[in-house]
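Peer 1: This structure is in structure tokens; I'll ask about it shortly.
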Amino acid sequence: MKRRQKRVLQMAFLFTLALIFLPNVGLWSLYREKHLLKAHEGDEQGFALGLSDGHVYSWTDGLRRRDWHDNESIRRDEMRVGKGEQGKPYPLAEDECDDSVYKENGFNIYVSNNIALDRSLPDIRHPNCKQKLYLENLPNTSIIIPFHNEGWSSLLRTVHSIVNRTPDHLIAEIVLVDDYSDREHLGVRLEEYMSRFPKVRIVRTKKREGLIRTRLLGASVAKGEVLTFLDSHCEANINWLPPLLDQIAQNPKTIVCPMIDVIDHNHFGYEAQAGDAMRGAFDWEMYYKRIPIPPELQGPDPSDPYESPVMAGGLFAVNRQWFWELGGYDTGLEIWGGEQYEISFKVWMCGGSMYDVPCSRVGHIYRKYVPYKVPSGTSLARNLKRVAETWMDEYTEYIYQRRPEYRHLSTGDLTAQKELRKHLKCKDFKWYMNTVAWDLPKYYPPVEPLPAAWGEIRNAASGLCIDSKHGSTGTELRLDSCLKEGAERTWAHEQIFTFGWREDIRPGDPLHTRKLCFDAISQSSPVTLYDCHGMRGNQHWSYRRDKSLYHPVSSGCMDCSPADKRIFMNKCNPESATQQWLFQRVNVTILDKFNSATTS
Numbered sequence: 001m002k003r004r005q006k007r008v009l010q011m012a013f014l015f016t017l018a019l020i021f022l023p024n025v026g027l028w029s030l031y032r033e034k035h036l037l038k039a040h041e042g043d044e045q046g047f048a049l050g051l052s053d054g055h056v057y058s059w060t061d062g063l064r065r066r067d068w069h070d071n072e073s074i075r076r077d078e079m080r081v082g083k084g085e086q087g088k089p090y091p092l093a094e095d096e097c098d099d100s101v102y103k104e105n106g107f108n109i110y111v112s113n114n115i116a117l118d119r120s121l122p123d124i125r126h127p128n129c130k131q132k133l134y135l136e137n138l139p140n141t142s143i144i145i146p147f148h149n150e151g152w153s154s155l156l157r158t159v160h161s162i163v164n165r166t167p168d169h170l171i172a173e174i175v176l177v178d179d180y181s182d183r184e185h186l187g188v189r190l191e192e193y194m195s196r197f198p199k200v201r202i203v204r205t206k207k208r209e210g211l212i213r214t215r216l217l218g219a220s221v222a223k224g225e226v227l228t229f230l231d232s233h234c235e236a237n238i239n240w241l242p243p244l245l246d247q248i249a250q251n252p253k254t255i256v257c258p259m260i261d262v263i264d265h266n267h268f269g270y271e272a273q274a275g276d277a278m279r280g281a282f283d284w285e286m287y288y289k290r291i292p293i294p295p296e297l298q299g300p301d302p303s304d305p306y307e308s309p310v311m312a313g314g315l316f317a318v319n320r321q322w323f324w325e326l327g328g329y330d331t332g333l334e335i336w337g338g339e340q341y342e343i344s345f346k347v348w349m350c351g352g353s354m355y356d357v358p359c360s361r362v363g364h365i366y367r368k369y370v371p372y373k374v375p376s377g378t379s380l381a382r383n384l385k386r387v388a389e390t391w392m393d394e395y396t397e398y399i400y401q402r403r404p405e406y407r408h409l410s411t412g413d414l415t416a417q418k419e420l421r422k423h424l425k426c427k428d429f430k431w432y433m434n435t436v437a438w439d440l441p442k443y444y445p446p447v448e449p450l451p452a453a454w455g456e457i458r459n460a461a462s463g464l465c466i467d468s469k470h471g472s473t474g475t476e477l478r479l480d481s482c483l484k485e486g487a488e489r490t491w492a493h494e495q496i497f498t499f500g501w502r503e504d505i506r507p508g509d510p511l512h513t514r515k516l517c518f519d520a521i522s523q524s525s526p527v528t529l530y531d532c533h534g535m536r537g538n539q540h541w542s543y544r545r546d547k548s549l550y551h552p553v554s555s556g557c558m559d560c561s562p563a564d565k566r567i568f569m570n571k572c573n574p575e576s577a578t579q580q581w582l583f584q585r586v587n588v589t590i591l592d593k594f595n596s597a598t599t600s
């Protein structure tokens, strides 16, 4: 009897377990089935085979992916404190900011020398990047770093950041390419220091070659499957390399670029560029620009790679074989400049693609100025014309309309470049503009629309004119006596301005505006010149029927004090003559379109 009761209890217990366990197994099976089906459809997910750091996932496409984060190193860095750690600005005294600390490098070498060579950086990636997995089997890379008379600590910090934040087996080598430096610390001392890194080697040019040919020298001796080019004053951030290599592993004919963060040239604070993820572009004077990612290219995950028409230039990775199939860089380009357009046009037009990768971030010091002289006889203009004549077809005319002096420059022999384009069966530039850079004309139209107003801007109350005096960024606008009609223009005055289709105001006539805009930040602030960004904001103005210059961001109007000739923002007052401004020439039709769009 007891034995029968015991058996009944055992069966009841097992039945209860089955009721609990089997539905959950079914739910798990259903979940996994749906999960893998979703993975198959979106090629995004897999299921875990392991749960430790660096665990591997198997995908429905048969490929294995893994988490490449070095979590122990990340945790160590998060604990670090000190000056410059976590990418924070170095606290500077006044005597640590004088011009002498910039003279040799174009950035504050005192600060560079006083922060750690292996300092910690903030993880400013999109949060989704922390969860991303990349192929388990990635190609290795040769990291090529050209330099000329680089600062000691900035060059070393570049190398330390790469070594510390890169899986060792992904680095085939780090190639430092010295472009004929003559500073003592870059000779034997550098070789002795770098001997501690088994994968670092130094290659030296025999004469000054310039950035382009120095990069080519590094590429010619490289052994890695991928070539990764960096500048000599960079800091690689967390898990920067796997996202780049993953894209190339999936498509060997793609070029990939990291997000380039800003390291301040004075205090070395680390931060994202304004606007962060944007597409590379250019205007029709061939200045590099950044434009917003259009909605059509914005996927559900903002951390995913996205197409970019033009690279910034200095930081990118490319399959080594594909780089040489494309002909490398044009060896006819001198020193620096234009090479980013050449490689960008070439990869897109000749069967490849180019992506910016938000989960890869590298900081870069943007120098205050170039600290060394470029050898005589070289010309950025010549490089730009050479690229345009090789790749841009009939669109070169838009450049010549803005830069007529380019028409008469010699490009050198273009035979080899045009033969390369023919051999690679490259598409034409019209295809590039229609298919790749289709959104560029919205911001930089080949044919500039007519302005709404231009000429002198005279104040109704005082009869004085706005004068920017050929100032640079940060210059406050002032009033001055208006130059007589037809009077000789001098470098002491700048009184011609254009209120153009972007609804910003720039010094110069419609065909020759400068890249500076009227800018204001609040109702009480001065009106200054600032680098034009084309994104409205603080640089957006409305010229209204009452002759006021209205500033939508601050809801204020441009005002002035004739007594001390200041120009500033103030609360709008339609009765105030000091807020009334008279443009020399006005296109009423265009102005009405601007104002109707603003009020609608």
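Quick note on numbering: the UniProt record's numbering labels position 489 of the sequence shown as 489, and the sequence is numbered without any gaps.
Yeah, the Cβ is synthetic: ideal placement off N, Cα and C, and Gly gets one too.
(1) Go through the stretch 188-251 residue by residue and report every complete run of the alpha helix (DSSP H) that reaches 4 residues or more, in order.
(2) Would the stretch 436-456 count as touching the stretch 578-598 if we require 3 or more Cβ pairs under 8 angstroms?
(3) Going by other Cβ atoms of all chains shown within 10 Å of its Cβ, with 16 needed for buried, is Thr158 buried or exposed?
(4) Taking the straight line between their C-alpha atoms, what separation do you get for Pro294 and Thr435?
(5) Candidates Asp99, Asn114, Glu397: which alpha carbon is nearest Pro268's?
(6) Would you please state the rounded distance, in angstroms, between the beta carbons of Ile255 and Gln273? I believe it to be under 8 angstroms.
(7) Quick one: any contact between the stretch 330-350 and the stretch 425-432, if contact means 3 or more CB pairs under 8 angstroms?
(8) Answer yes or no: do Asn538 and Asp559 have a C-beta to C-beta separation smaller than 8 angstroms?
(9) Need the endpoints of the alpha helix (DSSP H) that Asn538 sits in, please.
(10) Which residue's Cα is closest to the Cα of Ser232: Cys532, His185, Ala172, Leu315?
(11) Taking its Cβ as the centre, do 16 or more other Cβ atoms sit within 10 Å of Asn237, making it buried, or is it exposed?
(12) So Val226 and Ala312 are in contact, right, with Cβ under 8 angstroms, and what is the actual spacing, rounded?
(13) Alpha carbon to alpha carbon, how far is Arg478 from Pro526? Give it in angstroms, no decimals.
(14) For Ile551, does the count of other Cβ atoms within 10 angstroms reach 16, so buried, or fall short, so exposed?
(15) Taking DSSP as the reference, what is the three-state secondary structure of Val588?
(16) From this set, Ile567, Tyr395, Trp240, which residue's C-alpha is nearest Ile457's C-alpha?
(17) Taking just the CA atoms, how far does Val188 sit from Gly275?
(18) How would you label His364, buried or exposed, when you count the other beta carbons within 10 angstroms and need 16 or more for buried?
(19) Given Ala249, which residues of its chain have a CB within under 7 angstroms of its CB, disregarding the five upstream and five downstream residues?
(20) Are Leu230 and Ile145 touching if we call contact CB-CB under 8 angstroms?
(21) May I ask you to report which of helix, strand or coil DSSP gives Gly50?
(22) My assumption, with CB atoms under 8 angstroms, is that residue 601 sits in contact with Leu92. Please give the rounded CB distance.
(23) On the CB-based measure, 16 or more other CB atoms within 10 Å of its CB, does Val370 come out buried or exposed?
(24) Quick test of the definition: if touching needs 3 or more C-beta pairs under 8 angstroms, does the stretch 205-221 touch the stretch 171-178?
(25) Output the distance between the C-alpha atoms of Ile505 and Thr498, rounded to the nearest integer angstrom.
(26) Between Asp592 and the rest of its own chain, which residues show a CB-CB distance below 6 angstroms, the 5 nearest in sequence each way excluded?
(27) When we look at the beta-carbon of Ser596 and count the other beta-carbons within 10 Å, is it buried (16 or more) or exposed?
(28) If we ignore side chains and look at the alpha-carbon of each, how far apart do Tyr406 and Ser379 end up?
(29) In angstroms with no decimal places, state the Cα-to-Cα distance between His185 and Trp152.
(30) Pull up the distance between the alpha-carbon of Glu339 and that of Ala388, whole angstroms please.
(31) Comparing alpha-carbon positions, which option in Asp118, Asn239, Arg545 lies nearest Glu85?
(32) Residues in the same chain with beta-carbon distance under 8 angstroms from Leu51, minus the five sequence neighbours each way, listed in chain order, please.
Peer 2: A quick look at the data gives this:
(1) Counting only runs of 4 or more, we get 188-194, 211-221, 242-250.
(2) Short answer: they touch.
(3) Counting the other Cβ atoms within 10 Å of the Cβ of Thr158 gives 16 or more, which makes it buried.
(4) For Pro294 and Thr435, the distance between alpha carbons rounds to 13 angstroms.
(5) Note that residue 268 is Phe in the sequence shown here, rather than Pro. Out of Asp99, Asn114, Glu397, Asn114 has the C-alpha closest to the C-alpha of Phe268.
(6) Between Gln273 and Ile255 the Cβ distance is about 20 angstroms, and since that is not below 8 angstroms, they are no contact.
(7) Yes: the two stretches touch, three or more of their Cβ pairs being nearer than 8 angstroms.
(8) No, the Cβ-Cβ distance between Asn538 and Asp559 is not below 8 angstroms.
(9) DSSP places Asn538 outside any alpha helix (DSSP H), giving it a letter other than H or E.
(10) Residue nearest to Ser232 within the set Cys532, His185, Ala172, Leu315 is Leu315 (criterion: CA-CA distance).
(11) Around the beta carbon of Asn237, 16 or more other beta carbons lie within 10 angstroms, which makes this residue buried.
(12) That belief does not hold up - the Cβ atoms of Val226 and Ala312 are roughly 19 angstroms apart, past 8 angstroms.
(13) Approximately 10 angstroms between the Cα atoms of the pair.
(14) Checking the displayed sequence, the identity of residue 551 turns out to be His instead of Ile. Looking at its Cβ environment, which holds 16 or more other Cβ atoms inside 10 Å, His551 is buried.
(15) For Val588, the secondary structure class from DSSP, reduced to helix, strand or coil, is helix.
(16) Answer by Cα proximity: Ile567.
(17) The C-alpha of Gly275 lies about 42 angstroms from the C-alpha of Val188.
(18) So His364 counts as buried.
(19) If we look at Ala249 and ignore the five residues flanking it on each side, its Cβ neighbours are Leu135, Leu138, Pro139.
(20) At the C-beta level, Leu230 and Ile145 come within 8 angstroms of one another.
(21) Residue confidence is low: Gly50 scores 40 on pLDDT, short of 50, so the model does not pin down where it sits. Its coordinate-derived value is still stated next. The DSSP-derived three-state label of Gly50 is coil.
(22) As displayed, the chain neither begins before 1 nor continues past 600, which places residue 601 out of reach and without an answer.
(23) Burial call: exposed.
(24) The answer is yes - the stretch 171-178 touches the stretch 205-221, with three or more Cβ pairs under 8 angstroms.
(25) Straight through space, the alpha carbons of Thr498 and Ile505 are spaced by roughly 5 angstroms.
(26) Around Asp592, the same chain offers no residue with a beta carbon nearer than 6 angstroms, after the five sequence neighbours per side are excluded.
(27) With fewer than 16 other Cβ atoms within 10 Å, it is exposed.
(28) Taking the straight line from one Cα to the other gives about 11 angstroms.
(29) Near 7 angstroms, if we compare the C-alpha coordinates of Trp152 and His185.
(30) Straight-line measurement puts the Cα of Ala388 at about 11 angstroms from the Cα of Glu339.
(31) Taking only the C-alpha atoms, the option nearest Glu85 is Asp118.
(32) Here Leu51 scores only 37 on pLDDT, less than 50, and its place in the model is too uncertain to base an answer on.
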